[in-house]
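Asker: Could you have a look at this structure, given as structure tokens, before my questions?
Chains as they are written, first to last, in my numbering: chain A, 1 to 491; chain B, 492 to 974.
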């Protein structure tokens, strides 16, 4: 059975079905259908988990069919442990997003839900594609639904944010496209990743290709200094949009670096690793400081995302097993934690329609259960041992110590800055005197929100306390990646 | 000079169209206002029959007919079928719009058919005079079409401009052709090429002729710096006519480039020359088209500048100067014609009696008024911007691939950066439709044919994007079978 095809297309067709319910008169139908679609998408992933061979190297569940004969492009799918984790994260997040938008979205419900379902399928496509052009098509296509989500259901400055988001990400991708076409010719007319991995390239060509890839993926990650679209997009996006953006969309960048930069241009990756490490450290330290002074909760979490993703790029370019595995775990953990934090802000925003920290204070008096959940996620964001946030960061710092003490020292500052900006925000929002009559009138979590935050809390704790299964899945692909990255491709 | 049955067989579709134009012209005289639809049906039937005839009589190789004047090859077949289909769709889309403006009459159909005939002749020309003849038939029909709404000041002005500049371009072309004739003593395309290949032509005169020909081609394509007429004509002409000018003639112009530059002047020394000239035209078109489009508030004008930039992309494929590149350019022309039809069709759909719907604001909040048409326009806009999975992406991919393969990576980078600028104004359309509230709330009315065809048109931008292989292969085969 073509399981991966199902994983990709079930959500997309579910999305189209939701779209067909039409106007807001059928909003209820649209919601339930969307939930069914999201669950079906999650269900389609079950065979991936049950049939996955942890120890096996190489791609599993492979599918290959000729797609565009003229350019020998194949509809070639396959996953390894890295893809598996990201696909699961994606399918799970989609369910959360549908539930999160259940009541909040009242206008054009069908279009909203459909956009997320289609996006979910496309993201799965990105993680499963084994052909560079197929990857690119999925990679680019995800922009369209996210653009619409931000622009239609976003905040007051949504148009600016949506267009900025689109153009920023497009420029990087277009440079990558030129690089892919160059590689296509260098590989003798093939976009298949396996062929690209084998193609020898001169150092000059590798450097150019590396920079083009970096342009595409750095914008997505996002790395300093091309990160400025992210705070705007996050602040203006509706809660669901922020969750998907943080939990999944940013991972496309990290995933791309792992799948494309390292194995295709290994020599340039080594030569220019200093550049990436430098940029990552700027993200960790400088963006951490920037996050500290934010007055808007969503903006603060957005900057914290950039700092955390700095850890991912740092871990990847240390060329160390521990660092790379840590980076991937950090991606997964960040998916849970930042998603949860955006949901928490969403919970407050739905009640008070403000994201300003100054408008809150003493929330714990009215919403004790919420405060407890928020506490857990804030701690996870700060990297408290026992939560998922700790595992990846710790592994990356350990790997960094092996490579260079000062890199490790700078990276480790995140534990301080992370704690500072997260907990300071937490303190100002949750504790203290009740800030206003509006805060005094707050209602604690309803069952729907309980469900969302509860699920994420369970996962955050599970991954923090027992990361072994995640590590086990990553063992084989990370070894293979490191082997590929160590093999020189100079002719 | 005797003509055999084989000669007639090759030109059968052209003869059919010509005869039917005369029939429609005569029949129209006896029709009352309420019976105009008969002319409409006849025009559509003619185009369908011509397309069918071409498809049925299509042969794998080159057939030269009419004493070397006319050639029937796979390239010609594919492009002529496309021209007939595009002209047919134009006629269908225009119905409501033309009726409301008193243009729904015999002259309109006849001129469209004459223009189609001109394009078919152009596409199948094997002789420089034949090429010119086809071009003039097309151009004169288009001038008349633009001026058809004779009480409109804008249309009259546009027709005047179009005519004066078009005549100038034709003059340049003819002058260039005379130079070629002077250098080679031949007018039949294969013979000209052979003479040049044997080195029996005076290269100074040839080069002189080449410059004039490239300038003429630039005019007809609307490439910068010969683009001045494009925005004014697009804006001034009745939208139905703009749609026609903006789509089918681009297919013919591609054939024109193939016949004139590739087949006639395909000698390596000359290729090196026109490649340079076309590179300049392409880069300038990409830059001016995309940047100027941002400043437009009139949708027709915006699409005019967007066409200029698309022609820049099309030229990129030609610049690669190899069969792959020509195939990519042909694919680009086909895709462009398809999306252009859809976009102008959408303007026609929103237009009403006395209301043109050609300003950007007229599309505000379309998603509120009609989610379906907004979705179709969204697909068309993303296709023009070249965002996957719409078909426009593959068109850009193909030409950029050809350029990279030809070793001109810098040109590819320029092209993608320009398409980034271009993405902005297409996104702005999406923004207007989806993010803004409607300012116009009149219900959208159109007859069933338009609704269905427009839906197919819009969805094709997505469907062909999901499975682009067959159309790419078709274009490639047409080029390979003809060179």
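Where is the CB? At the ideal position from N, CA and C, for every residue including glycine.
If you're wondering where the values come from, they're calculated on a predicted model, not measured in any experiment.
Measure the CB-CB distance between residue 893(B) and residue 811(B) and report whether it falls below 7 Å.
Answerer: By one-based count along the second chain, residue 893(B) stands at place 402. By one-based count along the second chain, residue 811(B) stands at place 320. Result yes, Cβ atoms of residue 893(B) and residue 811(B) sit closer than 7 Å.
Asker: In chain B, what lies closer than 7 Å to residue 70(A) by C-beta?
Answerer: As a position in the first chain, residue 70(A) is number 70, starting the count at 1. Result: 960, 963, 964, 967.
Asker: Do you know how far the Cα of residue 55(A) is from the Cα of residue 244(A)?
Answerer: Within the first chain, residue 244(A) is the residue found at index 244, counting from 1. Within the first chain, residue 55(A) is the residue found at index 55, counting from 1. Answer to the nearest angstrom: the Cα atoms are 30 Å apart.
Asker: Kindly indicate which three-state DSSP category residue 789(B) falls into: helix, strand or coil?
Answerer: Position 298 of the second chain, counted from the first residue, corresponds to residue 789(B). In the structure shown, residue 789(B) sits in a strand (DSSP, three-state: E or B).
Asker: Using the beta-carbon count (16 or more within 10 Å), is residue 274(A) buried or exposed?
Answerer: Along the first chain, read from residue 1 onward, the residue named residue 274(A) stands at position 274. Its Cβ having fewer than 16 others within 10 Å, residue 274(A) is exposed.
Asker: What runs of the alpha helix (DSSP H), each 4 residues or longer, lie entirely inside the segment 102-166 of chain A?
Answerer: Entirely contained in the segment 102-166 of chain A, the alpha helix (DSSP H) runs reaching 4 residues are, in chain order, 109-128, 132-141, 143-153.
Asker: Nearest to residue 238(A) by alpha carbon, out of 149(A), 474(A), 366(A)?
Answerer: For the purposes of this step, residue 238(A) is taken as residue 238 along the first chain, with counting starting at 1. Of 149(A), 474(A), 366(A), the residue nearest in Cα terms is 149(A).
Asker: Are the C-beta of residue 140(A) and some C-beta of chain B separated by less than 7 Å?
Answerer: On the first chain, position 140 is the one that residue 140(A) refers to. Yes, its Cβ sits closer than 7 Å to a Cβ of chain B.
Asker: Just checking my contact of residue 318(A) with residue 438(A) at CB under 8 Å: how many whole Å lie between their CB atoms?
Answerer: As a first step, residue 318(A) must be located in the first chain, where it is residue number 318. As a first step, residue 438(A) must be located in the first chain, where it is residue number 438. Between residue 438(A) and residue 318(A) the Cβ distance is about 48 Å, and since that is not below 8 Å, they are no contact.
Asker: So, for residue 64(A): in the same chain, excluding its five sequence neighbours on each side, which residues have a beta-carbon less than 6 Å away from its beta-carbon?
Answerer: Taking the first residue of the first chain as position 1, residue 64(A) is located at position 64. Result list for residue 64(A): 74, 76, in chain order.
Asker: Would residue 166(A) count as contacting chain B if we go by Cβ distances under 7 Å?
Answerer: Within the first chain, the letter at position 166 stands for residue 166(A). It does; some Cβ of chain B falls within 7 Å.
Asker: Mapping the DSSP letters down to three states, classify residue 618(B) as helix, strand or coil.
Answerer: Locating residue 618(B) in the second chain gives position 127, counting from the first residue. The answer is strand: DSSP assigns residue 618(B) an E or B state.
Asker: Here's a check: name, in chain order, each residue in its chain whose Cβ is nearer than 6 Å to the Cβ of residue 861(B), leaving out the five neighbours to either side.
Answerer: Here residue 861(B) refers to the residue found at position 370 of the second chain. Correct list, in chain order: 935.
Asker: Please classify residue 601(B) as buried or exposed, where buried requires at least 16 neighbouring CB atoms within 10 angstroms.
Answerer: Indexing the second chain from 1 puts residue 601(B) at position 110. Buried.
Asker: What residues in the segment 867-901 of chain B have a beta carbon less than 7 Å from any beta carbon of chain A?
Answerer: The residues in question are 873, 878, 879, 880, 891, 892, 895, 896, 900.
Asker: Residue 495(A): buried (16+ other C-beta within 10 angstroms of its C-beta) or exposed?
Answerer: The displayed coordinates of chain A run from 1 to 491. Any statement about residue 495(A) would go beyond what the structure contains.
Asker: Among 634(B), 666(B), 835(B), 884(B), which has the Cα closest to the Cα of residue 795(B)?
Answerer: As a position in the second chain, residue 795(B) is number 304, starting the count at 1. Selected option, being the one with the closest Cα: 835(B).
Asker: Note down, in chain order, each residue of its chain lying with its Cβ closer than 6 Å to the Cβ of residue 963(B), except the 5 sequence neighbours on either side.
Answerer: Indexing the second chain from 1 puts residue 963(B) at position 472. Cβ within range, chain order: 822.
Asker: Going by C-alpha distance, which of 509(B), 952(B), 879(B), 839(B) is nearest residue 608(B)?
Answerer: Taking the second chain and counting its residues from 1, the one referred to as residue 608(B) is at position 117. For residue 608(B), the nearest C-alpha among the options comes from 509(B).
Asker: How should residue 105(A) be labelled, buried or exposed, when 16 other C-beta atoms within 10 angstroms of its C-beta is the threshold for buried?
Answerer: Your numbering for residue 105(A) matches position 105 in the first chain. By the neighbour-count rule (16 or more Cβ atoms within 10 Å), residue 105(A) is buried.
Asker: Under three-state DSSP, which class holds residue 878(B)?
Answerer: If you number the second chain from 1, residue 878(B) lands on position 387. Coil.
Asker: Which one of 326(A), 350(A), 470(A) has the shortest CA to CA distance from residue 399(A)?
Answerer: Walking along the first chain from the start, residue 399(A) turns up at place 399. Taking only the C-alpha atoms, the option nearest residue 399(A) is 326(A).
Asker: Check each residue of the segment 96-115 of chain A: if its Cβ is closer than 8 Å to any Cβ of chain B, include it; give the result in chain order.
Answerer: The segment 96-115 of chain A vs chain B, Cβ under 8 Å: 108, 111.
Asker: Determine the contact status of residue 250(A) and residue 203(A), defining contact as a CB-CB distance below 7 Å.
Answerer: Taking the first residue of the first chain as position 1, residue 250(A) is located at position 250. Taking the first residue of the first chain as position 1, residue 203(A) is located at position 203. For residue 250(A) and residue 203(A), no; Cβs fall outside 7 Å.
Asker: Going along the segment 194-207 of chain A in order, which residues come within less than 7 Å of chain B, judged by CB to CB distance?
Answerer: Under the 7 Å Cβ criterion, the segment 194-207 of chain A contributes no residue.
Asker: For the beta strand (DSSP E) containing residue 554(B), name the first residue and the last one.
Answerer: Locating residue 554(B) in the second chain gives position 63, where the first residue counts as 1. Element bounds for residue 554(B): 554-556.
Asker: Would you call the CB atoms of residue 390(A) and residue 457(A) closer than 7 Å?
Answerer: For this step, residue 390(A) is matched to residue 390 along the first chain. For this step, residue 457(A) is matched to residue 457 along the first chain. Going by C-beta atoms, residue 390(A) is not nearer than 7 Å to residue 457(A).
Asker: Considering only residues of the same chain and omitting the five flanking positions on each side of residue 442(B), which have a CB-CB separation below 6 Å?
Answerer: As shown, chain B starts at 492 and ends at 974. That puts residue 442(B) outside it, with no answer to give.
Asker: Starting from residue 475(A), trace the beta strand (DSSP E) in both directions and tell me its first and last residue.
Answerer: As a position in the first chain, residue 475(A) is number 475, starting the count at 1. Here residue 475(A) belongs to no beta strand (DSSP E); instead the alpha helix (DSSP H) covers 468-486.
Asker: Counting Cβ pairs closer than 8 Å, one from the segment 501-518 of chain B and one from the segment 526-543 of chain B, do we hit at least three?
Answerer: Because the criterion of three Cβ pairs below 8 Å is met, the segment 501-518 of chain B and the segment 526-543 of chain B touch.
Asker: Measure the alpha-carbon distance for residue 919(B) versus residue 901(B) and round it to whole angstroms.
Answerer: For the purposes of this step, residue 919(B) is identified with residue 428 of the second chain, where counting begins at 1. For the purposes of this step, residue 901(B) is identified with residue 410 of the second chain, where counting begins at 1. For residue 919(B) and residue 901(B), the distance between alpha carbons rounds to 28 Å.
Asker: If you measure between the beta carbons of residue 98(A) and residue 162(A), is that distance less than 7 Å?
Answerer: Counting from one through the first chain, the residue named residue 98(A) turns up at place 98. Counting from one through the first chain, the residue named residue 162(A) turns up at place 162. In this structure, residue 162(A) does not lie closer than 7 Å to residue 98(A) by Cβ.
Asker: DSSP three-state label for residue 63(A), please.
Answerer: Residue mapping note: residue 63(A) aligns to position 63 of the first chain, counting from 1. In this structure, residue 63(A) counts as strand in the three-state DSSP scheme.
Asker: Mapping the DSSP letters down to three states, classify residue 54(A) as helix, strand or coil.
Answerer: Numbered from its first residue, the first chain carries residue 54(A) at position 54. Residue 54(A) falls in the coil class under three-state DSSP.
Asker: If you measure from the CB of residue 326(A), is any heavy atom of the ligand NAP nearer than 6 Å?
Answerer: Ligands are entirely absent from the displayed structure, and the ligand NAP is therefore not among its contents.
Asker: Which residues, in order along the segment 247-259 of chain A, keep a beta-carbon less than 9 Å from a beta-carbon of chain B?
Answerer: Going along the segment 247-259 of chain A in chain order, one finds no residue with a Cβ nearer than 9 Å to chain B.
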